[in-house]
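Residue numbers (my numbering): 101 to 224.
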């Protein structure tokens with residue numbers, strides 16, 4: 101019984117680290133899909149960062165939207181912000197910080213120009 105209790109915390113932290121990595125991968129996958137669609141289908145996408153989730157809203161030519169959202173893991177939270185991907189695939193520069201209760205800070209840096217590039221810096 102004691103061994104189970106001693107192993108619980110390391111297993112929990114390992115799982116939380118995994119959830120944070122998966123969030124970053126899911127964001128990257130959806131970001132890449134959205135930038136490609138913006139160029140191919142000439143539609144713009146707004147990426148809304150909320151305190152507890154991220155929403156991708158793809159705007160169609162008939163002004164309807166296709167929304168895709170996913171929540172932050174329980175260890176992460178961020179500030180409200182928006183990044184816009186234009187219909188030609190360009191994005192305006194912006195920096196967004198997401199904080200982790202595991203002692204990390206993720207800084208998403210969106211670079212100006214075509215190709216809608218970004219990178220993530222992780223600080224301990």
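C-beta atoms are modelled at their ideal positions from N, C-alpha and C, and glycine is treated no differently. Given the structure is predicted, the values throughout are model-derived calculations rather than measurements.
Proximity below 9 Å, CB of residue i to CB of residue j
i: residue 165; j: residue 172; result: no
i: residue 169; j: residue 156; result: yes
i: residue 178; j: residue 150; result: yes
i: residue 191; j: residue 212; result: yes
i: residue 222; j: residue 185; result: no
i: residue 208; j: residue 216; result: no
i: residue 205; j: residue 197; result: yes
Cβ distance (whole Å) where residue i is taken to contact residue j below 8 Å
i: residue 175; j: residue 201; result: 5 Å
i: residue 131; j: residue 219; result: Contact doesn't hold; Cβ gap of about 11 Å is too wide.
i: residue 138; j: residue 187; result: 6 Å
Assigned secondary structure, residue i (DSSP; H/G/I helix, E/B strand, else coil)
i: residue 155; result: strand
i: residue 217; result: coil
i: residue 130; result: helix
i: residue 121; result: helix
i: residue 114; result: helix
i: residue 204; result: coil
N- and C-terminal bounds of the beta strand (DSSP E) containing residue i
i: residue 178; result: 176 to 178
i: residue 167; result: 165 to 171
i: residue 200; result: 194 to 200
i: residue 150; result: Careful: residue 150 lies outside any beta strand (DSSP E) and carries neither H nor E.
i: residue 161; result: Looking at the DSSP string, residue 161 is not in any beta strand (DSSP E), and its letter there is neither H nor E.
i: residue 184; result: 181 to 185
Cutoff 9 Å: residue i Cβ touching any chain D Cβ
i: residue 126; result: Any reference to chain D falls outside this structure, which holds one protein chain only.
The ligand ADP heavy atom lying under 8 Å from the CB of residue i
i: residue 206; result: The ligand ADP is absent from the structure shown, which contains no ligands of any kind.
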